[in-house]
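Heads up: the protein sequence lines correspond to chains U and Y, in order.
Position one of the first sequence corresponds to residue 941 (our numbering), numbered consecutively onward.
Position one of the second sequence corresponds to residue 941 (our numbering), numbered consecutively onward.
All C-beta atoms in this analysis are idealised placements derived from N, C-alpha and C, irrespective of residue type, glycine included.
Protein chains: 2
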Amino acid sequence: MNKGRLIVFSAPSGCGKGTMLGEIMKDERFRLSVSATTRDPRPGEIDGVNYHFITREEFEKRIENGEFLEHAEYCGNLYGSLVNEADPYLEQGLNVVLEIEVQGAMQIREKRPDALFVFIAPPSMAEIRRRLLKRGTETPEVIEQRIAQATMELGYAQDYDYIIVNDALEDAVADFFTVIRAEQVRAPFMSDHIEEVIKNA
Amino acid sequence: MNKGRLIVFSAPSGCGKGTMLGEIMKDERFRLSVSATTRDPRPGEIDGVNYHFITREEFEKRIENGEFLEHAEYCGNLYGSLVNEADPYLEQGLNVVLEIEVQGAMQIREKRPDALFVFIAPPSMAEIRRRLLKRGTETPEVIEQRIAQATMELGYAQDYDYIIVNDALEDAVADFFTVIRAEQVRAPFMSDHIEEVIKNA
């Protein structure tokens, strides 16, 4: 059996990342890696589902033990992806999606050259603005901060392997599965088959 | 408008390359590049359709002029792919498929780093043998020569970008189009879109 693929999945806010991941996770070949954090659970959040909620002391000990694929501090809290969250699934042949922001992604680029990097981009910033306004949960000031943040994040898009524009959700999800299928027939992943054919010539 | 993609397409004999290309060419976004050769036309072959039939003198002059993407001598005849056969289509946004053998392909690797390399592999050598026997046009000796040739060519498969196994024709053709679609969203090909989004933030 082939090992699964580690997939780093990043998107600026307003790019429909959550909805896309919801669709992708309907496919049983995929698992979403649950991040660890030192921040307190919000009402309704479940330990081990939304996040692994751990103390700062434990988080720092695990950093020292090399248990994180990546980690970052954000608004005074630590967030990170645990190696043991992904590897057992990969061994079972399942693909593991890490939903992380650009800086965390770049840490993984160095540690895991076998990972696949997918960036979700908006059709335009005007569209992001429209989506965030429609949500109605943020003030105009916060929306402009999100736009500035998104612009910064887009500057990292070229460091990913693939850039999928989420204009229509269905097309974006289809593009994601297309990329996964194409990656399966990239030459390095086909070497076992070729060796087998030559051996039994 | 985006430029088309130059696609180098190679397969050992018995891998169903001709049938696959027939299916691919039903899609109007693709053109098959016609090779030039110094060999004589066989009955039924049409100049400019099957090959561009030219004299050895003209072929050699065109090599000197740098008009070939690749060329090779085979059984005393020259074969090659002309630059001006592909480039006008690429400029029009059409994808051009070059059906060539492994050594010619490797010449293009150096000259055109933008080209996409697709290798078609058999499910097994036993299957190639079965297909060639079924055709009934070759002697057992010639079939074994073909098998030896195919084994040599498989040794180059890892130098291609993608390896598609042609077990069931429909699946292999679908894989080809999957690869083409995925390649369109590879990061370098999406840079114009990202720049546009950032510029109009």
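Shorter than 8 Å from the beta carbon of Y/Val1082 to some beta carbon of chain U?
So, not an interface residue.
What residue does the beta strand (DSSP E) around Y/Glu1039 start on, and which one ends it?
Asn1035 to Glu1039
So, does the CB of U/Arg1070 fall closer than 8 Å to a CB anywhere in chain Y?
Output row for U/Arg1070: interface = no.
Anything in the segment 1052-1065 of chain U with a Cβ closer than 7 Å to a Cβ of chain Y? List those residues in chain order, please.
Per Cβ criterion, the list reads Ala1061, Pro1062, Ser1064 and Met1065.
Taking the C-alpha atoms as reference points, what is the distance between U/Glu1081 and U/Pro1128?
48 Å
Using three-state DSSP, classify U/Tyr1108 as helix, strand or coil.
At residue 1108 of chain U the sequence reads Ala, which differs from the Tyr that was named. It is coil, neither helix nor strand.
Check each candidate in Y/Met960, Y/Ser1021, Y/Pro1028 and Y/Ala1088 and name the one with the smallest Cα separation from Y/Asp1111.
Y/Met960
Can you name the residues that DSSP bridges to U/His1133?
Paired residue(s): none; U/His1133 is not in a bridge.
In terms of residues, what are the limits of the alpha helix (DSSP H) holding Y/Arg1049?
Val1042 to Lys1051
Quick one: give me the first and last residue of the alpha helix (DSSP H) that U/Arg998 is part of.
Here residue 998 of chain U turns out to be Glu, not Arg, going by the sequence shown. Counting along the chain, the alpha helix (DSSP H) containing U/Glu998 begins and ends at Arg996 to Glu1004.
Tell me the residue span of the alpha helix (DSSP H) that contains Y/Tyr1029.
Val1023 to Glu1031
Using DSSP's beta-bridge definition, name the partner residues of Y/Gly1020.
Y/Ala976 and Y/His1011
How many angstroms separate the CA atom of U/Ile1003 from the CA atom of U/Gly1020?
9 Å
Considering only C-alpha positions, which residue in the set Y/Lys957, Y/Asn1017, Y/Phe970 and Y/Glu1025 is nearest to Y/Gly988?
Y/Glu1025
Give the interface partners of Y/Asn1024 over in chain U, defined as CB-CB distance under 9 Å, in chain order.
Here the premise fails: no neighbours, minimum Cβ distance about 30 Å.
CB U/Gly1044 to CB U/Glu1010, shorter than 8 Å?
yes
Against chain U, which members of the segment 1123-1135 of chain Y pass a CB distance test of less than 8 Å?
Glu1123, Val1125, Arg1126, Ala1127, Pro1128, Met1130, Ser1131, His1133 and Ile1134
For Y/Met1092, count neighbouring C-beta atoms within 10 Å of its own C-beta (all shown protein chains included) and say buried if the count is 16 or more, exposed if not.
exposed
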